[in-house]
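Student:
Number of protein chains: 2
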Amino acid sequence: MTPSFGDILAARVAERQSQVVLGIDPDPGALWPRAGVPAGSHAAGSHAAGSHAAAGSHAAAESRVADDAGGSASGGPVAKAPGGSARGAVAAAVAAHCRALIDAAGPACVAVKPQLACFERLGAPGWEALEATLAHARRQGLLTIADGKRGDIDVSAAAYGQALFERLAVDLATVNPLLGRDAVEPFLEAARARDPRAGVLLLVRTSNPGAADIQDLELAAGGPVWERLAALADELGAGHVGDSGIADVGAVVGATEPRHLARARELMPHAAFLLPGVGAQGGRVQDLAPAFAPGRAGGLVSASRSIAGAHLVAGGDPADCARAEAERLRGLAWELS
Amino acid sequence: MTPSFGDILAARVAERQSQVVLGIDPDPGALWPRAGVPAGSHAAGSHAAGSHAAAGSHAAAESRVADDAGGSASGGPVAKAPGGSARGAVAAAVAAHCRALIDAAGPACVAVKPQLACFERLGAPGWEALEATLAHARRQGLLTIADGKRGDIDVSAAAYGQALFERLAVDLATVNPLLGRDAVEPFLEAARARDPRAGVLLLVRTSNPGAADIQDLELAAGGPVWERLAALADELGAGHVGDSGIADVGAVVGATEPRHLARARELMPHAAFLLPGVGAQGGRVQDLAPAFAPGRAGGLVSASRSIAGAHLVAGGDPADCARAEAERLRGLAWELS
Numbered sequence: 245m246t247p248s249f250g251d252i253l254a255a256r257v258a259e260r261q262s263q264v265v266l267g268i269d270p271d272p273g274a275l276w277p278r279a280g281v282p283a284g285s286h287a288a289g290s291h292a293a294g295s296h297a298a299a300g301s302h303a304a305a306e307s308r309v310a311d312d313a314g315g316s317a318s319g320g321p322v323a324k325a326p327g328g329s330a331r332g333a334v335a336a337a338v339a340a341h342c343r344a345l346i347d348a349a350g351p352a353c354v355a356v357k358p359q360l361a362c363f364e365r366l367g368a369p370g371w372e373a374l375e376a377t378l379a380h381a382r383r384q385g386l387l388t389i390a391d392g393k394r395g396d397i398d399v400s401a402a403a404y405g406q407a408l409f410e411r412l413a414v415d416l417a418t419v420n421p422l423l424g425r426d427a428v429e430p431f432l433e434a435a436r437a438r439d440p441r442a443g444v445l446l447l448v449r450t451s452n453p454g455a456a457d458i459q460d461l462e463l464a465a466g467g468p469v470w471e472r473l474a475a476l477a478d479e480l481g482a483g484h485v486g487d488s489g490i491a492d493v494g495a496v497v498g499a500t501e502p503r504h505l506a507r508a509r510e511l512m513p514h515a516a517f518l519l520p521g522v523g524a525q526g527g528r529v530q531d532l533a534p535a536f537a538p539g540r541a542g543g544l545v546s547a548s549r550s551i552a553g554a555h556l557v558a559g560g561d562p563a564d565c566a567r568a569e570a571e572r573l574r575g576l577a578w579e580l581s
Numbered sequence: 245m246t247p248s249f250g251d252i253l254a255a256r257v258a259e260r261q262s263q264v265v266l267g268i269d270p271d272p273g274a275l276w277p278r279a280g281v282p283a284g285s286h287a288a289g290s291h292a293a294g295s296h297a298a299a300g301s302h303a304a305a306e307s308r309v310a311d312d313a314g315g316s317a318s319g320g321p322v323a324k325a326p327g328g329s330a331r332g333a334v335a336a337a338v339a340a341h342c343r344a345l346i347d348a349a350g351p352a353c354v355a356v357k358p359q360l361a362c363f364e365r366l367g368a369p370g371w372e373a374l375e376a377t378l379a380h381a382r383r384q385g386l387l388t389i390a391d392g393k394r395g396d397i398d399v400s401a402a403a404y405g406q407a408l409f410e411r412l413a414v415d416l417a418t419v420n421p422l423l424g425r426d427a428v429e430p431f432l433e434a435a436r437a438r439d440p441r442a443g444v445l446l447l448v449r450t451s452n453p454g455a456a457d458i459q460d461l462e463l464a465a466g467g468p469v470w471e472r473l474a475a476l477a478d479e480l481g482a483g484h485v486g487d488s489g490i491a492d493v494g495a496v497v498g499a500t501e502p503r504h505l506a507r508a509r510e511l512m513p514h515a516a517f518l519l520p521g522v523g524a525q526g527g528r529v530q531d532l533a534p535a536f537a538p539g540r541a542g543g544l545v546s547a548s549r550s551i552a553g554a555h556l557v558a559g560g561d562p563a564d565c566a567r568a569e570a571e572r573l574r575g576l577a578w579e580l581s
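Quick look at the structure:
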């Protein structure tokens, strides 16, 4: 039997000594000051060569964008998007920002998690920027998580499976289970067909206040709706638990409601939990202990704004602040697990 | 107060005398035989000019793809996708298929509904094909519905709103409400901010067998989960019901379970129902009467495979068969409503 993605995840967590997932939610209106300079304005020309040694610096980040514009990136050059349009320039600036963010915070992380919506709003050039961002993350030894919360039935779910696990070739994808088991299975089939294997993360209890509207509704048979989603995640991962004790079906469990974590762990003893909501949404790493019961890879601490926007709180260089915040989170989670 | 999207929808249904929504789920492995010939192989060269008069014919469809390759389409030329790659050629073939399908079946329809997954799996060129398909549909007087079943929280939902209602500029988008009211509202804000106004379609009771797993769970407070989703759709549309009696928040209610329709109509007196599952999934137009209670625009009959694949059942020319099947559905629904 081929190994479960759970073992791949556990090995990567051990290797990188990190459970931090770098959320990448680029806002074209709030890119890092110098990383966001569009290729084609001055970045493409003024840092043409020689700055690669200064890895992690803004100059290097810009230079590498310029390299991409020359066609070196997989999937096609961002800056040569159709018509050399304003859309292409914005997408190139977004890609540069994402690359600088990965260079700064990536070494303290085990995975990146781009929010697909932030790229889709830029159209086709945004999709190119997404692919370039994923490729860069892979080159840095990071796992990749597509946060698109997709969910659909039969042939449509299979098409999403192709988009996520073949086209984008991610290691994990968030999936919305409202449409039931037969709508999740095609995603899982696509994940399991990939080489190397991939996995899925079912939305079980999300981190927003409105999660209570549907996910917390009490069922006539007992327990809230989200516990049924948890049971579904556990069932789908059964038979695909690795030697590490981690299955290839994980769960999104908001870190903003720590009282849910112990119960979620009871219901899903082998699921890796993606734990959003730390930092900007008010969740605290200290409350996450139950997540790590099956092992260090049992809890993946996801942070986006608290890392990319660390300089807005701390003051100083965005890359330095992001690196420091990611390292701080890494240390907290690692010590706890 | 600006008019509700419900009135725009009702006016378009009346004008086109149709409630049929043309689902567009292109499979690169099953394109219409001649429409699917990639531009750049022979289509781009051999039908360079003069065949536009033969509207609806395969030759014309191919010729128009060739025109697109020359840069006439909005959003950038499909066939000049990055690197002139195989991906670009596949996406161009998909765009040609979609265009031929719209030309054949569109006149009997009120809207098109591309399934986003089918385009996303082709990467950035697929996104260009999607935009070209939407632009072509708009030129034919059709409303556009993005079927992406998106759903996410605060800033991510707002980013999806931008992707759908600004970038793709669709008239309606399907939205997954599992994350609750605060996750749906940003979509609705984006739809209402558009000029002309747009709307959303909440997933309430989907057409797949697995819908029973979560949506049909009985609540302690009475009624199944899906009735709570219906109540949410009704609440969100309150205050945005047009003179037509139709709100700007509609609902996806599978046509495969007609027993749900009357109850759904009780709970959502003003929602337009998108009714998937007719045809390939076993639903029958005859069972849809309760959908039309608030008026003819109360029920939108969605069909994908039964139209695009009509020739596989009936035999004959794909375009002729699609046109006939769309017209048949149109007549059935119009007579019933």
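Just so you know, the sequences run in chain order P and A.
So the first sequence is residues 245 to 581, counted in our numbering.
So the second sequence is residues 245 to 581, counted in our numbering.
Beta carbons: idealized from backbone N, C-alpha and C, even for Gly.
Within 8 Å, do at least three Cβ pairs link the stretch 328-348 of chain P to the stretch 266-279 of chain P?
Tutor: Counting Cβ pairs under 8 Å, three or more are found: they touch.
Student: Counting contacts by CB-CB distance shorter than 8 Å, is residue 421 (chain A) in contact with chain P?
Tutor: By this cut-off, residue 421 (chain A) is an interface position.
Student: Rank P:426, P:393, P:438, P:329 by C-alpha distance to the C-alpha of residue 368 (chain P) and give the top, closest one.
Tutor: Selected option, being the one with the closest Cα: P:329.
Student: Does DSSP classify residue 261 (chain A) as helix, strand or coil?
Tutor: Coil, per DSSP.
Student: Can you tell me where the alpha helix (DSSP H) with residue 472 (chain P) in it begins and where it stops?
Tutor: That run of the alpha helix (DSSP H) goes 469-481.
Student: Please check if any C-beta of chain P sits within less than 8 Å of the C-beta of residue 276 (chain A).
Tutor: Not closer than 8 Å to any Cβ of chain P, the Cβ of residue 276 (chain A) fails to qualify, so no.
Student: Excluding sequence positions up to five away, which residues of its chain have a Cβ less than 6 Å from the Cβ of residue 430 (chain A)?
Tutor: So the list reads 401, 402, 405, once near-sequence residues are dropped.
Student: Can you list the residues of chain P that residue 261 (chain A) reaches, using a CB-CB cut of under 7 Å?
Tutor: Residues of chain P passing the Cβ test: none, with the nearest at roughly 29 Å.
Student: Taking only beta-carbon atoms, is residue 500 (chain A) less than 8 Å away from chain P?
Tutor: Not an interface residue.
Student: Quick one, which residues of the stretch 348-367 of chain A are near chain P if we go by CB-CB under 9 Å, in chain order?
Tutor: Per Cβ criterion, the list reads 359, 360, 361, 362, 363, 364, 365, 366, 367.
Student: Within 10 angstroms of its Cβ, does residue 383 (chain A) collect 16 or more other Cβ (buried), or is it exposed?
Tutor: Exposed: under 16 other Cβ atoms inside 10 Å.
Student: What would DSSP say about residue 449 (chain A), mapped onto helix, strand or coil?
Tutor: DSSP places residue 449 (chain A) in strand when its eight states are reduced to three.
Student: Run through the DSSP bridge pairs and tell me what residue 358 (chain A) is partnered with.
Tutor: Per DSSP, A:268.
Student: Should the stretch 432-449 of chain A be regarded as contacting the stretch 376-394 of chain P, the criterion being three or more beta carbon pairs within less than 8 Å?
Tutor: Touching, no.
Student: Please report the residue range of the alpha helix (DSSP H) in which residue 427 (chain P) lies.
Tutor: Run containing residue 427 (chain P): 425-437, per the alpha helix (DSSP H) assignment.
Student: When the Cα atoms are used, what is the spatial distance from residue 366 (chain P) to residue 350 (chain A)?
Tutor: Cα to Cα, residue 366 (chain P) sits roughly 28 Å from residue 350 (chain A).
Student: Determine the extent of the alpha helix (DSSP H) in which residue 381 (chain P) is found, giving its start and end residues.
Tutor: 367-383 is the span of the alpha helix (DSSP H), which, as asked, contains residue 381 (chain P).
Student: So which residues of chain P does residue 269 (chain A) contact, with C-beta pairs closer than 8 Å?
Tutor: By Cβ distance, chain P contributes 399, 400, 403.
Student: Going by beta carbon distance, what residues of the same chain come within less than 7 Å of residue 491 (chain P), once the five residues before and after it are set aside?
Tutor: 248, 250, 481, 484, 485, 514, 515.
Student: Determine contact between the stretch 555-562 of chain P and the stretch 458-469 of chain A, defined as no fewer than three beta-carbon pairs at a distance below 8 Å.
Tutor: Taking 8 Å as the limit for Cβ pairs, the verdict is that the stretch 458-469 of chain A does not touch the stretch 555-562 of chain P.
Student: For residue 530 (chain P), I'd like the list of residues in its chain whose CB is within less than 8 Å of its CB, leaving aside the five on either flank, ordered along the chain.
Tutor: For residue 530 (chain P), where only same-chain residues beyond five positions count, the Cβ hits under 8 Å are 576, 580.
Student: So with CB distances below 9 Å, who are the chain P contacts of residue 476 (chain A)?
Tutor: Those within 9 Å of residue 476 (chain A) in chain P are 457, 458.
Student: Return the bridge partner residues of residue 417 (chain A) from the DSSP annotation.
Tutor: Answer is A:390, A:444.
Student: By how many angstroms is the C-alpha of residue 254 (chain P) removed from the C-alpha of residue 541 (chain P)?
Tutor: Between residue 541 (chain P) and residue 254 (chain P), the C-alpha separation is close to 5 Å.
Student: Would a check of beta-carbon distances place residue 375 (chain P) closer than 8 Å to chain A?
Tutor: With 8 Å as the cut-off, residue 375 (chain P) counts as an interface residue toward chain A.
Student: Let me confirm a value: residue 503 (chain A) is counted as buried when at least 16 other C-beta atoms fall within 10 Å, else exposed. Which label applies?
Tutor: Answer is exposed; the Cβ neighbour count stays below 16.
Student: Quick check on the burial criterion: 16 or more other C-beta atoms within 10 angstroms. Buried or exposed for residue 466 (chain A)?
Tutor: It is exposed - the Cβ of residue 466 (chain A) has fewer than 16 other Cβ atoms within 10 Å.
Student: For residue 517 (chain P), list the residues DSSP reports as bridge partners.
Tutor: BP columns for residue 517 (chain P) point to P:495, P:543.
Student: DSSP three-state call for residue 511 (chain P): helix, strand or coil?
Tutor: Helix at residue 511 (chain P).
Student: Using CA coordinates, which residue listed in A:573, A:479, A:552 is at the minimum distance from residue 274 (chain A)?
Tutor: Considering only alpha carbons, the answer is A:552.
Student: State the DSSP-derived secondary structure class of residue 462 (chain A), mapped to helix, strand or coil.
Tutor: In this structure, residue 462 (chain A) counts as strand in the three-state DSSP scheme.
Student: State the CB to CB distance for the pair residue 519 (chain P) and residue 493 (chain P), rounded to an integer number of angstroms; the pair is presumed to be in contact (CB under 8 Å).
Tutor: With 8 Å as the limit, residue 519 (chain P) and residue 493 (chain P) do not qualify as a contact, their Cβ atoms being about 16 Å apart.
Student: Within its chain, find whatever has a CB closer than 8 Å to the CB of residue 261 (chain A); leave out the 5 residues flanking it on each side and keep chain order.
Tutor: Once the five neighbours on either side are set aside, the close Cβ partners of residue 261 (chain A) are 574, 578.
Student: What residues of chain P sit near residue 406 (chain A), judged by a beta carbon separation below 7 Å?
Tutor: What residue 406 (chain A) touches in chain P: 365.
Student: What is the DSSP secondary structure of residue 575 (chain A), counted as helix, strand or coil?
Tutor: Note: residue 575 (chain A) maps to helix in three-state DSSP.
Student: Between the C-alpha atoms of residue 507 (chain A) and residue 517 (chain A), what's the straight-line distance to the nearest angstrom?
Tutor: Looking at the two C-alpha atoms, the distance is approximately 12 Å.
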